[in-house]
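In our numbering, the protein residues as written are 814 to 1033.
Worksheet: the structure to be examined is printed underneath.
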C-alpha cells in the first residue's frame, strides 16, 4: 500500500453557501477542501465553524464532515438547539444520505456493510477494519448508475464513524474516486477531489418539532 497523499491545507476562498437559516439553526453546504472545525495548528484555524461564527455570532457546530467531503452540515444558533440536535445525532434520529462515485462496478445493486472501524495509528489519519477493537459501523448502499469505470452510489450511514463510508467502500473493493487516503492509481487520478458528498440531511427542528430535509446538489 502506497503512502497517502497529504496536501498542504489550502481552503477554498468562497462565501458561505447557506441552505437555510432561522433563529435556531443554520444549514450550510460545505465545500470540498474546507475543515469543519479548526485544526491543531494556526494555519488550520480557517474552517467552516469559524467562518460561520464570523457571520452568525454564537453559532455552534453539531456534527462534522471530513475536510475532503462536501455537502449538508447543520449548526445550532444557541445552546438549547445544540442540545436538541446533539441528542438527535447521538440517538441516531437523523437521516443522512451521501452520494459517491466509486472505482469499478459494484456487483450488487444494493447491500449493507457491517464492519467495525478503528483508527490506524501508524498510518493516521487513516482508519481500518478491526474486528477485535473496532467500534461498530454500519452502512447501507444503493447503486444509482454504472459507467465503464465507475459506479455512482447512494450511501446511508446508520452509524457515524470517522472515514466510515470511505473505508466501507474500500472493503468492497471499490475505493471512492479521488480519495487521497485510500484510493490508488486510476481510482485516485480520475478526479481532482474526493467524490463524496453529503447530499441530504433530515432532522427534527429543535423549536417547531417539524421534520425537515435539507438538500445540497451533488457537484461531481
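Ideal Cβ placement from N, Cα and C applies to all residues, glycine included.
Among the candidates 993, 851, 943, whose CA atom is the shortest distance from the CA of residue 1009?
Numbered from its first residue, the chain shown carries residue 1009 at position 196. Out of 993, 851, 943, 993 has the C-alpha closest to the C-alpha of residue 1009.
Check your understanding: Under three-state DSSP, which class holds residue 1013?
Key -> Working through the chain shown from its first residue, we reach residue 1013 at position 200. If DSSP states are grouped into helix, strand and coil, residue 1013 belongs with the strands.
Review point. Looking only at its own chain, which residues have a Cβ that is under 8 Å from the Cβ of residue 871, when we skip the five neighbours before and after it?
Key: Taking the first residue of the chain shown as position 1, residue 871 is located at position 58. For residue 871, where only same-chain residues beyond five positions count, the Cβ hits under 8 Å are 890, 891.
Checklist entry - Just checking, does the region 878-886 make contact with the region 918-934 on the three C-beta pairs under 8 Å criterion? => result Cβ pair count under 8 Å is below three, so no.
Relative to the C-alpha of residue 978, which candidate in 997, 1003, 940 has its C-alpha closest?
Residue numbering aside, residue 978 sits at position 165 when the chain shown is read from its first letter. Checking every option, the nearest Cα to that of residue 978 belongs to 940.
- Message: Let me confirm a value: residue 952 is counted as buried when at least 16 other C-beta atoms fall within 10 Å, else exposed. Which label applies?
- Response: On the chain shown, residue 952 is found 139 positions in, with the first residue counted as 1. Buried: at least 16 other Cβ atoms inside 10 Å.
Integer-rounded CB distance, given that residue 829 should sit under 8 Å from residue 868: As a working mapping, residue 868 is identified with position 55 in the chain shown. As a working mapping, residue 829 is identified with position 16 in the chain shown. In this structure, residue 868 and residue 829 form a Cβ contact; the two beta carbons are roughly 6 Å apart against a cut-off of 8 Å.
Quiz item: If residue 948 sits next to residue 929, beta carbons under 8 Å apart, how far is it from one beta carbon to the other, in whole angstroms?
Solution: The residue you call residue 948 lines up with position 135 of the chain shown. The residue you call residue 929 lines up with position 116 of the chain shown. Rounded, the Cβ-Cβ distance is 6 Å, consistent with contact.
query: CB residue 968 to CB residue 911, shorter than 7 Å?
result: Translated into the one-based positions of the chain shown, residue 968 becomes position 155. Translated into the one-based positions of the chain shown, residue 911 becomes position 98. In this structure, residue 911 lies closer than 7 Å to residue 968 by Cβ.
**Study point:** Residue range of the unbroken beta strand (DSSP E) whose run includes residue 984
**Key:** Locating residue 984 in the chain shown gives position 171, where the first residue counts as 1. Residue 984 -> not in any beta strand (DSSP E); alpha helix (DSSP H) instead, spanning 977-984.
Run through DSSP, which three-state label would residue 845 get?
For the purposes of this step, residue 845 is taken as residue 32 along the chain shown, with counting starting at 1. Per DSSP, reduced to three states, the secondary structure at residue 845 is coil, with no helix or strand assignment.
Checklist entry - DSSP beta-bridge partners for residue 1024? => result What you label residue 1024 is simply residue 211 of the chain shown in a count that begins at 1. DSSP lists 1017 as partners of residue 1024.
Report yes if the CB atom of residue 1004 is closer than 7 Å to the CB atom of residue 990, and no otherwise. Counting from one through the chain shown, the residue named residue 1004 turns up at place 191. Counting from one through the chain shown, the residue named residue 990 turns up at place 177. Yes, the pair counts as a contact, with Cβ atoms nearer than the cut-off.
- Item | Exposure label - residue 946; buried when at least 16 CB within 10 Å | By one-based count along the chain shown, residue 946 stands at place 133. Classification of residue 946: exposed, given that the 10 Å Cβ count is below 16.
| query | Under 7 Å, do residue 1014 and residue 909 count as touching if we go by C-beta distance? | reply | The residue labelled residue 1014 in the question sits at position 201 within the chain shown. The residue labelled residue 909 in the question sits at position 96 within the chain shown. Here residue 1014 is near residue 909, since their CB atoms are less than 7 Å apart.
Run through DSSP, which three-state label would residue 917 get?
Locating residue 917 in the chain shown gives position 104, where the first residue counts as 1. Residue 917 carries a coil assignment under DSSP once its states are collapsed to helix, strand and coil.
For residue 999 and residue 836, I'd like the C-alpha separation in whole angstroms. Here residue 999 refers to the residue found at position 186 when the chain shown is read from its first residue. Here residue 836 refers to the residue found at position 23 when the chain shown is read from its first residue. C-alpha separation (whole angstroms): 46 Å.
How is the beta strand (DSSP E) around residue 991 delimited, first residue to last?
Here the question's residue 991 lines up with position 178 in the chain shown. In the DSSP annotation of this structure, residue 991 is not part of any beta strand (DSSP E), being labelled neither H nor E.
Query raised in the report: Rounded to the nearest angstrom, how far is the Cβ of residue 1029 from that of residue 832, given a contact under 8 Å?
Result: One-based indexing of the chain shown puts residue 1029 at position 216. One-based indexing of the chain shown puts residue 832 at position 19. About 6 Å separates the Cβ atoms of residue 1029 and residue 832, confirming a contact at the 8 Å cut-off.
Return the first residue and the last residue of the alpha helix (DSSP H) that residue 1034 is part of. The structure shown does not extend to residue 1034, since the chain is modelled only from 814 to 1033, so the question has no answer here.
Item to complete: Taking only the alpha-carbon atoms, compute the straight-line gap between residue 985 and residue 846 and give it to the nearest angstrom.
Response: Taking the first residue of the chain shown as position 1, residue 985 is located at position 172. Taking the first residue of the chain shown as position 1, residue 846 is located at position 33. Separation of residue 985 and residue 846 (C-alpha to C-alpha, rounded to the nearest whole angstrom) is 26 Å.
Just to confirm the assignment, what range does the beta strand (DSSP E) spanning residue 925 have?
Stepping through the chain shown from its first residue, residue 925 is reached at position 112. Boundaries of the beta strand (DSSP E) harbouring residue 925: 923-927, taken from the DSSP string.
Subject >> Opening and closing residue of the beta strand (DSSP E) in which residue 1002 lies >> reply: The residue labelled residue 1002 in the question sits at position 189 within the chain shown. Secondary structure note for residue 1002: it is in no beta strand (DSSP E), and the uninterrupted alpha helix (DSSP H) holding it is 999-1002.
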